[in-house]
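Inspection log for the structure reproduced underneath, given as structure tokens.
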Amino acid sequence: MPTGSGSLLDYAMSPGALRERALDRLHKAPPAPHSDGPGDDDLNAGWNEAVPLPPLRPAAVLIAVVARDVPSVILTLRTAHLSSHAGQIAFPGGKLDEGETVVETALREAEEEIGLASEFVEPLGFLDLYKTRTGFEVSPMVAMIRPGFELVANPNEVEDVFEVPLAFLLDEANHLTHSRVWQGKDRYFYAIPYRERYIWGATAGIIRNFHRKLTFV
1 MPTGSGSLLD YAMSPGALRE RALDRLHKAP PAPHSDGPGD DDLNAGWNEA VPLPPLRPAA
61 VLIAVVARDV PSVILTLRTA HLSSHAGQIA FPGGKLDEGE TVVETALREA EEEIGLASEF
121 VEPLGFLDLY KTRTGFEVSP MVAMIRPGFE LVANPNEVED VFEVPLAFLL DEANHLTHSR
181 VWQGKDRYFY AIPYRERYIW GATAGIIRNF HRKLTFV
């Protein structure tokens with residue numbers, strides 16, 4: 001059940017309140033590999049039995065919350081030619097290189113994809129692992145981003161970089177359930193439309209888990 005004083009909007013509208021809430025509610029370290037967590041199959045009972053998940057590769061993403069007067073989250077539009085999640089809206093991130101930690105991957109990918117220097121990044125904690133149908137076990141790292149950075153999108157991976165108000169993303173009223181036919185069956189997923197942007201799939205699922213971690217115990 002929801003706990004704590006004030007509304008969720010209060011936490012999303014103040015960098016200080018969000019930092020305090022995140023430090024209290026999020027994992028202090030990345031969850032262990034293959035530990036329980038949400039995933040693309042959450043809205044699709046029976047899919048795991050009918051179509052088992054492929055072997056999962058470890059990946060990390062950065063939920064970059066910019067500490068503006070009204071906090072916002074940095075998202076990217078992936079280029080159309082990528083091998084996975086092409087043309088979709090995503091957090092900066094990617095698969096772990098050999099011997100690399102979740103923190104190292106999240107910071108490296110953010111710098112490679114959008115030019116976000118690590119000196120502006122203050123890690124706050126980690127969400128549960130998120131398992132995707134495309135074969136990734138994603139560890140999301142939540143961080144506060146100090147203003148003053150300059151972003152440069154890597155044209156090989158990122159078509160656009162933009163910010164969305166944190167309050168909009170964390171408002172459960174904006175978490176919709178949509179469906180598409182995939183492999184001959186209706187496949188359900190979370191979607192968070194924002195203006196002309198269509199945030200869906202794993203990104204929307206991770207945002208919903210972020211909402212739940214800050215709101216429920």
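Counting in the working numbering, the sequence shown runs from 1 upward without gaps. All residues carry an ideal CB built from backbone N, CA and C; glycine is no exception. Because the structure is a prediction, the values reported are computed rather than measured.
Span separating the alpha-carbon of residue i from that of residue j
i    : j    : result
M219 : L214 : The structure shown does not extend to residue 219, since the chain spans only 1 to 217, so no value can be given for it.
D171 : E113 : 27 Å
G148 : A17  : 21 Å
P2   : R212 : Caution is warranted here: a pLDDT of 44 is assigned to P2, below 50, making its placement in the model unreliable, and no coordinate value can be reported.
G115 : I145 : 13 Å
A45  : D10  : 34 Å
T177 : V73  : 21 Å
R133 : P33  : 17 Å
T203 : V164 : 13 Å
R19  : S179 : 34 Å
A153 : A191 : 24 Å
V65  : A90  : 14 Å
G4   : A67  : With a pLDDT of 40 at G4, under the threshold of 50, the predicted position of this residue should be treated as unreliable, and no value is reported.
F210 : P15  : 16 Å
P155 : V161 : 11 Å
E122 : G87  : 28 Å
D24  : L169 : 20 Å
E119 : A22  : 20 Å
R208 : A117 : 27 Å
H175 : A167 : 12 Å
G94  : D128 : 16 Å
E196 : L26  : 31 Å
F216 : A80  : 36 Å
T105 : L43  : 29 Å
D69  : P52  : 45 Å
S35  : L124 : 20 Å
G135 : P71  : 32 Å
N- and C-terminal bounds of the beta strand (DSSP E) containing residue i
i    : result
F126 : V121 to F126
I137 : Correcting the residue type first, residue 137 is Glu in the shown sequence and not Ile. Where E137 is concerned, the enclosing beta strand (DSSP E) stretches over F136 to I145.
G94  : G93 to K95
V103 : Element bounds for V103: not the beta strand (DSSP E) but the alpha helix (DSSP H), V102 to I114.
P193 : K185 to Y194
P58  : R57 to V66
Run of the alpha helix (DSSP H) containing residue i, from where it starts to where it stops
i    : result
E172 : Note, E172: premise wrong, no alpha helix (DSSP H); not H, not E.
F162 : Per DSSP, F162 belongs to no alpha helix (DSSP H); it is in the beta strand (DSSP E), V158 to P165.
R180 : It is not in any alpha helix (DSSP H) - R180 instead sits in the beta strand (DSSP E) that spans L176 to W182.
P15  : P15 to R25
L77  : It is not in any alpha helix (DSSP H) - L77 instead sits in the beta strand (DSSP E) that spans S72 to R78.
A218 : Examination of residue 218 is not possible in this model, given that the chain is present from 1 through 217 alone.
Whole-angstrom C-beta distance between residue j and residue i, which should lie under 8 Å
i    : j    : result
V138 : F126 : With a Cβ gap of about 11 Å, V138 and F126 do not count as contacting.
Y130 : G201 : About 10 Å; that fails the 8 Å criterion.
P140 : I199 : P140 to I199, Cβ: 14 Å. No contact.
P92  : T76  : 6 Å
R244 : E150 : Outside the displayed span of the chain (1 to 217) sits residue 244, for which this structure offers no information.
V102 : P30  : 4 Å
D41  : F189 : Actually they are not in contact, since the Cβ atoms of D41 and F189 sit about 10 Å apart, beyond 8 Å.
Heavy atom of the ligand ATP within 8 Å of residue i beta-carbon
i   : result
G16 : As for the ligand ATP, it is missing from this structure, which has no ligand bound.
Interface flag, residue i vs chain B, CB-CB below 9 Å
i   : result
T76 : Within the model displayed, chain B is absent; a lone protein chain is all it includes.
Worksheet item: Quick one: any contact between the stretch 172 to 188 and the stretch 97 to 111, if contact means 3 or more CB pairs under 8 Å?
Response: The stretch 172 to 188 makes no contact with the stretch 97 to 111, as fewer than three CB pairs between them are under 8 Å.
Worksheet item: Between the stretch 51 to 68 and the stretch 101 to 109, do at least 3 Cβ pairs fall closer than 8 Å?
Response: Touching, per the Cβ criterion.
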